[in-house]
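In mature numbering (1 follows the signal peptide of the UniProt record, and there is no 0), the protein residues as written are -18 to -1, 1 to 368.
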């Protein structure tokens, strides 16, 4: 019935609809937001704040079926804290368990075991490691650490050492992909589901200086599978063919396109940040390009060929934020929540489900203290509670 109530092109309910979101902030706070939409407009507000994920929460993962939120601390002090929260019906969080760690974790997921969620894997940016733990968090200890090294520096100044930026679970739950910004690699690990152990498969090289940050899997209606990688340093997105062979994943890069319109480039300080797919559309956020004016960065939008998986430029859309580090679609794909890191806001933007285009600003809220341009502060992540 909800889909029938959506307004064509904007996807907003005729009656008032309420939903919660959760946002993390580099100052240590985890915030619950309440969004209400009526007609073509909406209001959003901060309803609660909690702590418990160390000093620098950098990434959050929500598992809606169990109403569990996992938070990973990016602290650079040599001491951090990962946390598990219960999500109440009103979106408020209560701390369930936590674990003292070494920090600098920029991403984390659950994987393995009989339920697919018995272990945690994290990526540590500066130590050049991925680390695994067995759940529950309370009383857990490091199970496995993979330390990466670099034979020679890359072409970009930030490619002095390996910098794993994500641990991404494949659709089968049997492999983890690790885009390594420092080494220009997408690393692949096979999962032993019973023990949680990770075994390295062959790595796959990106273009020199690409600096891969995040990846997403996509599958066509006919079953063709692709991986799309967001290249932070290259301000681009690459498409890869996927093959499952010899108990590993093999990736073949097919093409790379810019996160800017043909004939345009980013500036000296621009950095691509996040990648998402919804249906046959792909989206990538650009930080510090100010395409839409002062402190108004862009979201690059592409079409995905439903047969081949080839991506093509569609348009740049207003992110209504500065330094959009994070964004996520609601489950119907009618709205996108965009988290501006430096502006420290969450902007709710309408999405046309037929054309894939992002449109008007529906609602906007300041979350915590604003960040400083180019610094690791401000808002870090946002998710829908659905």
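The beta-carbon is built from N, C-alpha and C at its ideal position, and this holds for glycine as well.
Original post:
Looking at C-beta atoms only, is the number of pairs between the region 274 to 283 and the region 198 to 211 that lie closer than 8 Å three or more?
Top reply: Segments in contact, no.
**OP:** Determine which residues share a DSSP beta bridge with residue 132 and list them.
**Re:** Residue 132 is not bridged to any residue.
Subject >> First through last residue of the beta strand (DSSP E) which encompasses residue 190 >> reply: DSSP places residue 190 outside any beta strand (DSSP E), giving it a letter other than H or E.
**OP:** Indicate whether residue 376 and residue 237 have their beta-carbon atoms separated by less than 8 Å.
**Re:** Look at the range of the chain in this structure, -18 to 368, and you will see that residue 376 is not part of it.
**OP:** Tell me whether residue 60 is buried or exposed, calling it buried when 16 or more other Cβ atoms sit within 10 Å of its Cβ.
**Re:** It is exposed - the Cβ of residue 60 has fewer than 16 other Cβ atoms within 10 Å.
Subject >> Boundaries of the beta strand (DSSP E) in which residue 322 is found, first to last residue >> reply: Segment 317 to 322, the beta strand (DSSP E) holding residue 322.
Original post:
Between the C-alpha atoms of residue 73 and residue 53, what's the straight-line distance to the nearest angstrom?
Top reply: The C-alpha of residue 53 is placed about 15 Å away from the C-alpha of residue 73.
Original post:
Okay, do the region 327 to 342 and the region 225 to 242 touch, 3+ Cβ pairs below 8 Å being the bar?
Top reply: Using a Cβ-Cβ distance cut-off of 8 Å, the region 327 to 342 and the region 225 to 242 are not in contact, since fewer than three pairs of beta carbons, one from each stretch, lie closer than that value.
Subject >> DSSP bridge partner residues for residue 45 (one or two, in chain order) >> reply: Residue 45 is bridged to 50.
Subject >> Reference residue 39; option with closest CA among 85, 45, 288 and 285 >> reply: Residue 85 is the option with its Cα nearest to residue 39.
**OP:** Name the residue from 44, 160 and 180 whose alpha carbon lies nearest to the alpha carbon of residue 127.
**Re:** It is 180.
Original post:
Cα-Cα, which of 332, 322 and 101 is closest to residue 21?
Top reply: The shortest C-alpha separation from residue 21 is found at 332.
Original post:
Which class does residue -7 belong to by DSSP, given the choice of helix, strand or coil?
Top reply: Confidence is the limiting factor: at residue -7 the pLDDT is only 41, short of 50, which leaves the residue's position unreliable and the question unanswerable from this model.
Subject >> Sequence-distant residues of its chain with Cβ nearer than 7 Å to residue 105 (five each side left out) >> reply: Within the same chain, and ignoring the five residues on either side of residue 105 in sequence, the residues whose Cβ sits closer than 7 Å to its Cβ are 87, 88, 89, 112, 146, 147, 148, 149 and 160.
**OP:** Using three-state DSSP, classify residue 259 as helix, strand or coil.
**Re:** Looking at residue 259 - three-state DSSP - the assignment turns out to be strand.
Subject >> Residue range of the unbroken beta strand (DSSP E) whose run includes residue 138 >> reply: Under the DSSP assignment, residue 138 falls outside any beta strand (DSSP E); it carries neither an H nor an E label.
**OP:** Could you please give me the residues that DSSP links to residue 333 through a beta bridge?
**Re:** According to DSSP, residue 333 shares a beta bridge with 340.
Original post:
What are the residues that DSSP puts in a beta bridge with residue 221?
Top reply: As a beta-bridge residue in DSSP terms, residue 221 pairs with 210 and 237.
**OP:** Determine the direct distance from the alpha carbon of residue 249 to that of residue 51, and round the result to whole angstroms.
**Re:** Whole-angstrom Cα-Cα distance: 36 Å.
Original post:
Which term fits residue 57, buried or exposed, when burial requires 16 or more other beta carbons within 10 angstroms of its beta carbon?
Top reply: Taking every protein chain shown into account, the CB of residue 57 has 16 or more other CB atoms within 10 angstroms, so this residue is buried.
Original post:
First and last residue of the beta strand (DSSP E) that includes residue 23?
Top reply: Counting along the chain, the unbroken beta strand (DSSP E) around residue 23 starts and ends at 23 to 32.
Original post:
Which partner residues of residue 169 appear in the DSSP bridge assignment?
Top reply: In DSSP, residue 169 forms a bridge with 160.
**OP:** Can you tell me which of the three DSSP states residue 61 falls into?
**Re:** It is coil, neither helix nor strand.
Subject >> Beta-carbon separation (whole angstroms), residue 282 vs residue 268, contact threshold 8 Å >> reply: The Cβ separation is near 6 Å, so the contact holds.
Original post:
Under the three-state reduction of DSSP, which class applies to residue 246: helix, strand or coil?
Top reply: It is coil, neither helix nor strand.
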